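S.K.:
In our numbering, the protein residues as written are 14 to 591.
1) Which of helix, strand or coil does DSSP assign to residue 482?
2) So, with DSSP's three-state summary, where would you put residue 492?
3) Just list the beta strand (DSSP E) runs in the segment 277-343, keeping only unbroken ones of 3 residues or longer that don't cross its boundaries, in chain order.
4) Which of the three DSSP states, helix, strand or coil, is assigned to residue 427?
5) Which of the three DSSP states is assigned to residue 529 in this structure?
6) Assuming the contact rule is C-beta atoms closer than 8 Å, residue 112 and residue 173 should be a hit. Round their C-beta distance to whole Å, please.
7) For residue 527, collect the residues of the same chain with a Cβ closer than 7 Å to its Cβ; drop the 5 residues on either side in sequence, then sort them by chain order.
8) Residue 195 and residue 245 look like a contact to me (Cβ under 8 Å); what is the Cβ gap, rounded to whole Å?
9) Indicate whether the contact test is met: 3 or more Cβ pairs, each with one atom in the segment 343-354 and one in the segment 290-308, closer than 8 Å.
10) Per DSSP, which residues does residue 183 bridge with? Please list them.
11) Reducing DSSP to helix, strand and coil, say where residue 162 ends up.
12) Taking the Cβ atom as the reference point for each residue, do residue 348 and residue 314 lie within a distance shorter than 9 Å?
13) Using the C-alpha atoms, what's the distance from residue 376 back to residue 22?
14) Using C-beta distances below 8 Å, list every residue in its chain close to residue 249, excluding the 5 sequence neighbours before and after it, in chain order.
15) Could you check which residue in 389, 358 and 363 has the C-alpha nearest to that of residue 369?
16) Give me the residue from 273, 53 and 456 with the minimum Cα distance to residue 158.
17) Pull up the DSSP beta-bridge partners for residue 379, would you.
18) From which residue to which residue does the beta strand (DSSP E) around residue 139 run?
19) Could you tell me the distance, in whole angstroms, from the CA atom of residue 165 to the CA atom of residue 175?
20) Over the uninterrupted beta strand (DSSP E) stretch that includes residue 229, give me the two end residues.
21) Among residues of its own chain, excluding the 5 on either side of residue 217, which ones have a beta-carbon nearer than 6 Å to its beta-carbon?
22) Could you give the first and the last residue of the continuous alpha helix (DSSP H) run that contains residue 453?
23) With a 10 Å radius around its C-beta and 16 neighbouring C-beta atoms as the bar for buried, classify residue 488 as buried or exposed.
24) Touching or not, the segment 400-418 and the segment 379-388, by the rule of three or more beta carbon pairs under 8 Å?
25) Rounding to the nearest angstrom, what Cα-Cα distance links residue 524 and residue 501 in this structure?
26) With C-beta atoms as the reference, is residue 277 less than 9 Å away from residue 77?
27) Using beta-carbon positions only, say whether residue 5 and residue 514 come within less than 9 Å of one another.
28) Which residues does DSSP pair with residue 197 in a beta bridge?
29) Suppose contacts are defined by Cβ-Cβ distances below 9 Å. Is residue 529 in contact with residue 467 by that definition?
30) Go through its chain and collect everything with a Cβ distance to residue 127's Cβ below 6 Å, but skip five positions before and after it.
31) Compute the Euclidean distance between the alpha carbons of residue 287 and residue 238, then round it to the nearest angstrom.
32) Can you tell me whether residue 565 is helix, strand or coil according to DSSP?
33) Using the rule of at least 16 other Cβ atoms within 10 Å of the residue's Cβ for burial, across every protein chain shown, is residue 271 buried or exposed?
34) For residue 401 and residue 432, what's the separation of their Cα atoms in angstroms?
35) What does a CB cutoff of less than 7 Å around residue 632 pick up in its chain, not counting 5 residues either side in sequence?
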């Protein structure tokens with residue numbers, strides 16, 4: 014979860030291993046081989062003493078750190094797992110922890126816990142750290158008493174490294190693992206997990222990791238191995254990565270039971286598929302569901318509509334009229350496609366050849382089912398106008414969306430905006446349709462009558478989930494089709510004297526570069542007097558500069574004199590430029 018913003022406004026690998034805190038240790042210093050006679054049970058070394066990650070060995074299975082977060086896990090923890098067929102003695106082993114630069118709960122450098130006891134075959138060994146404050150919001154998940162309690166540290170929620178060693182020598186530098194030769198750099202090395210904070214700030218970068226690390230950790234999420242997999246790649250959500258995110262603010266009991274850390278007392282356990290949250294809602298066959306509307310490519314003459322029905326529905330259309338009683342309506346046929354789960358029909362229609370500054374009435378229709386009659390007024394490219402910007406309405410509970418509904422309805426009724434823009438994190442769980450139905454359904458009057466301009470956030474798109482549900486609830490104008498950019502999430506439009514550009518901060522690497530190139534070309538062509546950009550993670554935030562976003566977009570914003578950048582993610586108000 015990453016931080017998000019309620020109302021924020023604000024304007025590899027290198028040869029020789031020089032990157033990411035691996036301080037250039039020469040390759041010939043790798044621990045390629047140890048004395049075969051000293052190979053310990055449960056370590057990743059073959060019979061000849063050579064490091065080989067494919068050798069079955071004890072792993073760091075899961076790490077959770079909430080900083081001092083309230084409302085998710087009650088404690089931080091490190092869970093080890095023994096996938097071998099034999100018990101492994103841990104009495105001469107250690108677990109060592111180092112937080113990123115932004116870790117203000119612990120002293121800099123490595124912290125060591127000498128282990129005791131043993132870890133049975135196919136079982137976990139749990140190290141629980143200091144309890145988090147819960148005087149405001151009770152913890153959603155109570156971390157069980159572990160095999161060891163480590164009260165000397167509070168695991169950071171944004172950037173950590175954890176190393177498992179078969180000795181008890183304190184690590185004194187970050188030359189732990191050679192990511193070129195794929196060999197450890199320390200005697201006694203067993204495993205390493207490193208993950209960066211999801212704000213992409215330099216202060217959230219882990220100092221050590223295997224392979225490469227991703228900007229994935231937040232205060233409500235743990236990192237957990239996929240089926241005990243260890244291929245020396247700490248990435249999350251990538252094809253070659255070993256880890257997934259676990260949400261400890263989840264409310265689904267089956268999911269939490271599956272994800273929870275185990276102790277030796279739990280006995281042997283084995284990998285099972287991760288359950289998705291169970292939906293408690295369903296699409297109605299007697300009414301139009303989750304209807305949204307927005308501008309087409311020209312705000313003066315086009316309008317787009319999106320809605321969903323049960324999968325059995327095959328045809329739909331929109332009737333548009335200048336008369337409230339819907340006489341003399343013009344019919345615009347909708348396209349239909351199954352959603353990515355193949356559980357719903359997604360309908361999209363576009364009304365064209367409309368007159369500017371004109372009030373229209375419309376109904377979405379599927380068979381005998383009709384929506385209420387909603388109205389909208391086409392735009393103008395010259396008049397003054399009012400729009401509303403919101404952000405981070407996300408909630409895991411139905412009642413949480415009541416707050417958004419009350420606020421946005423009151424604002425819409427008071428200011429009569431021509432559109433409402435929300436800068437990301439509309440829902441909390443990207444794929445969970447309950448949340449989408451609560452979000453749109455509770456505010457259906459607003460979504461039906463007011464153009465909605467959505468910005469994708471880190472709760473809609475992750476490295477392993479390409480914003481499918483987001484894209485199946487909204488249609489957008491003038492979308493970017495550059496390679497590496499998630500379809501239906503980057504787009505632009507004109508309203509009044511302003512050119513609006515909507516960007517996607519959750520595309521990584523080449524996706525951000527492609528967007529920046531597209532945005533520069535898009536902005537260079539506009540004839541509007543002002544440019545306003547919208548994005549979820551802005552160039553600057555509560556934790557500092559967002560390196561990837563700042564590097565990609567700040568030069569473009571400066572070159573084309575972007576008047577204002579609206580962003581979310583940080584739950585605070587930030588004004589970065591007068």
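We treat Cβ as the ideally placed atom computed from N, Cα and C, and that holds for glycine.
All of these numbers come straight from a predicted model, not from anything done at the bench.
M.R.: So, from the listed chains and residues:
1) helix
2) strand
3) 302-308, 316-323 and 330-334
4) Here residue 427 sits in helix by DSSP.
5) helix
6) 6 Å
7) 495, 496, 497 and 498
8) 6 Å
9) The segment 343-354 is not in contact with the segment 290-308.
10) According to DSSP, residue 183 bridges with nothing at all.
11) strand
12) no
13) Annotation note: pLDDT 27 at residue 22 (below 50); position unreliable, no value reported.
14) 208, 227, 229, 236, 256, 257, 258, 476 and 477
15) Residue 389 holds the alpha-carbon nearest to the alpha-carbon of residue 369 among 389, 358 and 363.
16) 273
17) Looking at the DSSP output, residue 379 sits in a beta bridge with 382.
18) 136-144
19) 15 Å
20) Boundaries of the beta strand (DSSP E) harbouring residue 229: 228-230, taken from the DSSP string.
21) If we look at residue 217 and ignore the five residues flanking it on each side, its Cβ neighbours are 113, 115, 171, 172, 209 and 210.
22) 446-454
23) buried
24) no
25) 13 Å
26) The Cβ-Cβ distance between residue 277 and residue 77 does not fall below 9 Å.
27) What the structure shows of the chain is the stretch from 14 to 591, and residue 5 is not part of that stretch, so it cannot be assessed.
28) 190
29) No. Outside cutoff.
30) 107 and 181
31) 11 Å
32) helix
33) Flag for residue 271 reads exposed.
34) 7 Å
35) With the chain covering only 14 through 591, there is no way to say anything about residue 632.
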